[in-house]
Amino acid sequence: MNQFENTRPYNDQEIPSAVARVAASPFFGNIVQYLFPNQNTEYIRKEFLKLRTVKEFQQKFMLQALNSILQQTSKGLQYEGFEQLDQQHNYMFIANHRDILLDAALLQVILDKHQLDTSEITFGSNLMQGGLVIDIGKMNKMFRIVRGGSVHNFYRNSLEVSSYMRYAILEKHQSVWIAQRNGRTKNGNDHTEIAVLKMFSISSDKDFIDNMAELNITPIVTSYEYEPCVFLKTQELYISQYQQYIKETGEDLNSIVLGIIQPKGSISVCATPTITTEELQYCDGFDKNDKFAHLAQLIDQRVYSHYKLWKNNYIAYDLLENGDKYAQEYTPEEKKAFEKYMKEGLKSLVGEADELKSIFLNIYANPVRNKEQLTSQL
C-alpha cells in the first residue's frame, strides 16, 4: 500500500481524525441544515463524531445524505441491471459522466440497496480544493486521479492510477468507478475515450484479452431528466468555439453545489452487461489501436442502447429539426414548459442567442441521435 500513499482513499484507522476535522469545520452546520433540515445540528454533530470506519461513515451519513438530496431535488431514482452483479466479483464500472458528484454517488446508493459493497471512486485532483472536500471525498472511498500537469508527468501519473485500480479490484477486492472520458460530457454526446482504456492496460503485462477481462469492465449509464448544470455547460461550449475556455477559480466546486441543489426531475441508472471474454476475443488479431477502438465501441453501444430518453430529449430533438417526429413522447403542455425553462436559463448567458439555443438543444438531442444511429446499425 505504501506505493499508493498519494492516491488511495482513507482507511478505517484514519476515519476518526478525519471525522473530527469535518465536524469542526465552519461549514458543517450549513451542510447539515441542507441535508437534514428537520434535525438538530448539534445532535447530528454528536452522532457524526461517533463514526469510526469507512462503512459507518457511508451507512450512517453519506447514504442518508444522498437519499435526502434525492427526496429534495428529484422525482425519484429508477435503476436496472444490478441484479446481474455478483457479490463475489469486483468490477471496473466505466460510466458516462454528466454530474461531477452525483453520477458516482447515486451508484453507491443503488449498490447498497442490492446488498453490494460500495465502490471506490476516482477523485480528480482539480477537485481536491480545501481540507473539507478532501476529507469527505477520501472518507467516501475516493482516490486521487491527476488532472492536467506536464507531458513529462502524464505517463507516470497514468501508471500510478492504473496500478492502483488494478490493485483495488484484484487484491483489495473493491470495485472501482471511473468516467469513460476525461471530465464530464458537456455536449450530451457520451463517447468513450480510447486514452482511458489504454490507461487501464498499462499496469499489466498480460495480453490484451486477459488484461481487460480480469477487470470485469461494466458500463454504467446515468440519465437525468434535467441535464445537470446545463446552462453552465452551454456557456462553456459557446465560449470554446471562439477561444480556449479557462475555468474560473472555484468553478468546479460551484458545479458540484449546483448539481446537488438543482431540480433533476427523474433519474435513471443502468448497470449494463459486463464486457465478456468472447467479445474481447473478437478483436484477436487486430492491431493494438484497433483493439482499444473495438472495446470503446462495445462500451459506447451499451451506453447508447441503455440511455434513458426523457421527454426533454425528444422535445429538444423536434425543436432542432423543426418537426414532430417524436411528438407522441410528450404533450403540448410539456413542450411549452420545456421552452419556458430553456428561455429563462439562456437569457442569463452571454453570446449570440441562436447559437446558445442550438448548443443547449443539442445537449438534450444528442442522446436521441446516438440511439437512432445505433438502431440503424443493428
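The sequence shown begins at 1 in the numbering used here and counts up one residue at a time.
We treat Cβ as the ideally placed atom computed from N, Cα and C, and that holds for glycine.
Exercise for review: May I ask you to report which of helix, strand or coil DSSP gives residue 123?
Suggested key: One-based indexing of the sequence shown puts residue 123 at position 123. Looking at residue 123 - three-state DSSP - the assignment turns out to be strand.
**Study point:** Cα-Cα separation, residue 89 to residue 117
**Key:** As a position in the sequence shown, residue 89 is number 89, starting the count at 1. As a position in the sequence shown, residue 117 is number 117, starting the count at 1. Approximately 10 Å between the Cα atoms of the pair.
**Study point:** Three-state secondary structure (DSSP) of residue 76
**Key:** Position 76 of the sequence shown, counted from the first residue, corresponds to residue 76. Reduced to three states, the DSSP call for residue 76 is strand.
Exercise for review: Using the DSSP secondary-structure output, state which residues sit across from residue 218 in a beta bridge.
Suggested key: Residue 218 sits at position 218 when you count from the first residue of the sequence shown. Beta-bridge pairing links residue 218 to 93.
Exercise for review: For the alpha helix (DSSP H) holding residue 267, just list the boundary residues, first then last.
Suggested key: If you number the sequence shown from 1, residue 267 lands on position 267. No alpha helix (DSSP H) contains residue 267, which is instead part of the beta strand (DSSP E) from 265 to 271.
Point to revise | Segment limits, alpha helix (DSSP H) that includes residue 178 | key: Translated into the one-based positions of the sequence shown, residue 178 becomes position 178. From DSSP, residue 178 is part of no alpha helix (DSSP H) but of the beta strand (DSSP E) over 176 to 179.
Point to revise | Residue span of the alpha helix (DSSP H) that contains residue 28, given as start and end | key: Residue 28 sits at position 28 when you count from the first residue of the sequence shown. 28 to 35 is the extent of the alpha helix (DSSP H) around residue 28.
Point to revise | CA-to-CA distance, residue 311 to residue 77, given in whole angstroms | key: The residue labelled residue 77 in the question sits at position 77 within the sequence shown. The residue labelled residue 311 in the question sits at position 311 within the sequence shown. Going by the C-alpha atoms only, they are around 16 Å apart.
Exercise for review: Alpha carbon to alpha carbon, how far is residue 223 from residue 280? Give it in angstroms, no decimals.
Suggested key: Numbered from 1 along the sequence shown, position 280 holds the residue referred to as residue 280. Numbered from 1 along the sequence shown, position 223 holds the residue referred to as residue 223. Going by the C-alpha atoms only, they are around 27 Å apart.
**Study point:** Assigned secondary structure, residue 286 (DSSP; H/G/I helix, E/B strand, else coil)
**Key:** In the sequence shown, the residue the question calls residue 286 occupies position 286. Note: residue 286 maps to coil in three-state DSSP.
Review point. Looking only at C-alpha atoms, which of 192, 46, 334 and 246 sits nearest to residue 302?
Key: Position 302 of the sequence shown, counted from the first residue, corresponds to residue 302. Ranking the options by Cα distance to residue 302, first place goes to 192.
Practice item. Note the first and the last residue of the continuous alpha helix (DSSP H) segment covering residue 145. Key: Within the sequence shown, residue 145 is the residue found at index 145, counting from 1. Segment 142 to 145 is the beta strand (DSSP E) holding residue 145; no alpha helix (DSSP H) there.
Point to revise | Assigned secondary structure, residue 201 (DSSP; H/G/I helix, E/B strand, else coil) | key: The sequence position of residue 201 within the sequence shown is 201, counting from 1. Three-state DSSP puts residue 201 in a helix.
Exercise for review: Could you have a look at residue 43 and say whether DSSP puts it in helix, strand or coil?
Suggested key: Taking the sequence shown and counting its residues from 1, the one referred to as residue 43 is at position 43. DSSP places residue 43 in helix when its eight states are reduced to three.
Exercise for review: Identify which residue in 273, 6, 258 and 102 has its Cα closest to the Cα of residue 81.
Suggested key: Position 81 of the sequence shown, counted from the start, is the residue given in the question as residue 81. With distances taken between Cα atoms, residue 81 lies closest to 273.
Practice item. Would you tell me roughly how many angstroms separate the C-alpha atoms of residue 6 and residue 144, rounded to the nearest one? Key: Position 6 of the sequence shown, counting from 1, holds the residue named residue 6. Position 144 of the sequence shown, counting from 1, holds the residue named residue 144. Taking the straight line from one Cα to the other gives about 7 Å.
Exercise for review: Inspect the beta-carbon positions of residue 187 and residue 366 and report whether they are closer than 8 Å.
Suggested key: Within the sequence shown, the letter at position 187 stands for residue 187. Within the sequence shown, the letter at position 366 stands for residue 366. Cβ atoms of residue 187 and residue 366: closer than 8 Å.
**Study point:** Test item: CB-CB of residue 141 and residue 269 under 8 Å
**Key:** Position 141 of the sequence shown, counted from the first residue, corresponds to residue 141. Position 269 of the sequence shown, counted from the first residue, corresponds to residue 269. Cβ distance not < 8 Å, so residue 141 and residue 269 don't count as in contact.
Check your understanding: Helix, strand or coil for residue 10 per DSSP?
Key -> Your numbering for residue 10 matches position 10 in the sequence shown. Coil, per DSSP.
Practice item. Under the assumption that residue 195 contacts residue 277 (Cβ atoms under 8 Å), give the Cβ distance between them as a whole number of angstroms. Key: Counting from one through the sequence shown, the residue named residue 195 turns up at place 195. Counting from one through the sequence shown, the residue named residue 277 turns up at place 277. That pair is no contact at about 23 Å.
Check your understanding: Looking at the unbroken alpha helix (DSSP H) that takes in residue 277, where does it start and where does it end?
Key -> For the purposes of this step, residue 277 is taken as the residue at position 277 of the sequence shown. Start and end: 277 to 281.
Practice item. Would you please state the rounded distance, in angstroms, between the beta carbons of residue 234 and residue 102? I believe it to be under 8 Å. Key: Position 234 of the sequence shown, counted from the start, is the residue given in the question as residue 234. Position 102 of the sequence shown, counted from the start, is the residue given in the question as residue 102. Contact doesn't hold; Cβ gap of about 19 Å is too wide.
Point to revise | Buried or exposed (CB count within 10 angstroms, at least 16 for buried), residue 375 | key: Your numbering for residue 375 matches position 375 in the sequence shown. With fewer than 16 Cβ atoms within 10 Å of its Cβ, residue 375 is classed as exposed.
Check your understanding: Excluding the five sequence neighbours on either side, which residues of its own chain have a C-beta within less than 7 Å of the C-beta of residue 326, listed in chain order?
Key -> Counted from its first residue, the sequence shown places residue 326 at position 326. Cβ neighbours of residue 326 beyond the five flanking positions: 314, 317 and 318.
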